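Notes follow the structure.
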Amino acid sequence: MEFIIVKFVLVVIVFLVSLGIAAYSTYAERKIAAFLQDRVGPDRAGPFGILQPLADGVKMFMKEEIIPTHADKGLFILGPSIMMMTACMTGVVIPWGNTLIINGTEYPVQITDINIGILYIFGVVSIGVYGIMIGGWASNNKYSLMGAIRASSQMISYELAMGMSIIALVMMTGTLSIGEIVKQQQGMHWNVFVQPLGFILFIVCAFAECNRTPFDLPECETELVGGYHTEYSSMKLGFYLFAEYINMFISSAIIASLYFGGYNFPFIDQLGLPHNLLTLLGTLIFFGKVFFFIFFFMWVRWTLPRFRYDQLMHVGWRVMIPLALFNILLTAVIVLWQNGQFN
């Protein structure tokens, strides 16, 4: 019973933290954009505008719910629901910390450590494509449909290169468990040092998967009004926007876990701190890495212009996939050499 209670509390904490970070990522993005453009940004709602996300949330809830007359009402509601649900589901296999010892029992700071954690994430993320496609099609709007087609083709294209970049990592680690991959990176044995090309491929594909600039073609306002969520209002629109920021947070957490040691940090074994305190410190270090990558997502958005759609597909199929195949081949040669197959 105690195990179930601990897991339930962990689920609630991860869910609330994901929503909280998604909400304040909107505030952070506006502040970072203001800094890069020599502006002030939000500064009216609370000190330094820190209550702005709450004001935005209340505004979204108070807006009128509009469903187009000729839209498919059931699918119109289902689209943002799928998008939000899949965004929240991906965090259950991420190790947020090492383990906590409570009443003599050791509990991992991870909701579940399934041995196919990476496959689970790819499976859930692929379902998110349906949320975008259903929402764009059900709106009965040609601009929304065009945005949905762009989004689905973009995400499917870049999922291939992302999956192949992970194959090279799995070849070196020998496991699909994210928890086990993090454990293998204890200290400074981070995978980014042995898979630099795989890391670059993964983070570029993460930008495309999250529809972030320079890969935000599905929401290209100048061409498609607002993209696949043009007809949405109130919290249905809020779900789509929140899902984007949750995906950005989860993508940053996955990058930190797979390539930057997760909760591991240099000299972790030499501090001599109590186990639970060391676990909490590791969790703080992990969130520091996550916040750095969130900042990187925002920094790129306000630095680079978006691609044309033909350029985006060209990069996905003619650059990313060949590089991913080359990385797999190179990794295979290195693994065979390390195992003495060439002797």
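Read left to right, the sequence shown gives residues -17 to 325 (the numbering used here).
C-beta atoms are modelled at their ideal positions from N, C-alpha and C, and glycine is treated no differently.
Computed from a prediction, not measured in an experiment: that's the story for all the values here.
- For the pair Phe(-15) and Thr87, the CB atoms are nearer than the 9 Å cut-off.
- Ile84 is bridged by DSSP to Thr87.
- With respect to the 9 Å criterion, Val107 and Ser134 are not classified as neighbours on the basis of their beta carbons.
- DSSP places Phe58 in the helix class (H, G or I) of the three-state scheme.
- For Phe17, the number of other beta carbons within 10 angstroms of its own is below 16, and it is reported as exposed.
- Proximity of the stretch 230 to 237 to the stretch 254 to 262 falls short of the contact definition, fewer than three beta-carbon pairs being nearer than 8 Å.
- If you look at Arg21, you'll find it isn't in any alpha helix (DSSP H); DSSP assigns it neither H nor E.
- Between the stretch 90 to 103 and the stretch 272 to 284, the count of C-beta pairs closer than 8 Å stays below three; the two stretches do not touch.
- In this structure, the CA atom of Thr212 is about 31 Å from the CA atom of Val272.
- With respect to the C-alpha of Gly118, the residue from Pro50, Leu311, Thr72 having the closest C-alpha is Pro50.
- Using a C-beta cut-off of 8 Å, the stretch 260 to 267 makes no contact with the stretch 187 to 197, since fewer than three inter-stretch Cβ pairs fall below that distance.
- The alpha-carbon of Arg300 is positioned some 14 Å away from that of Gln136.
- Around the beta carbon of Arg194, a 10 Å sphere encloses 16 or more other beta carbons of the protein chains shown; the residue is thus reported as buried.
- If the five residues before and after Leu305 are omitted, its C-beta is found closer than 8 Å to the C-beta atoms of Ala143, Leu179, Leu183, all from its own chain and listed in chain order.
- Bounds of any alpha helix (DSSP H) do not take in Cys192, whose DSSP letter is neither H nor E.
- Rounded to the nearest angstrom, the gap between the Cα atoms of Asn321 and Thr313 is 12 Å.
- In summary, Asp198 is buried, with 16 or more beta-carbon neighbours lying within 10 Å of its beta-carbon over all protein chains present.
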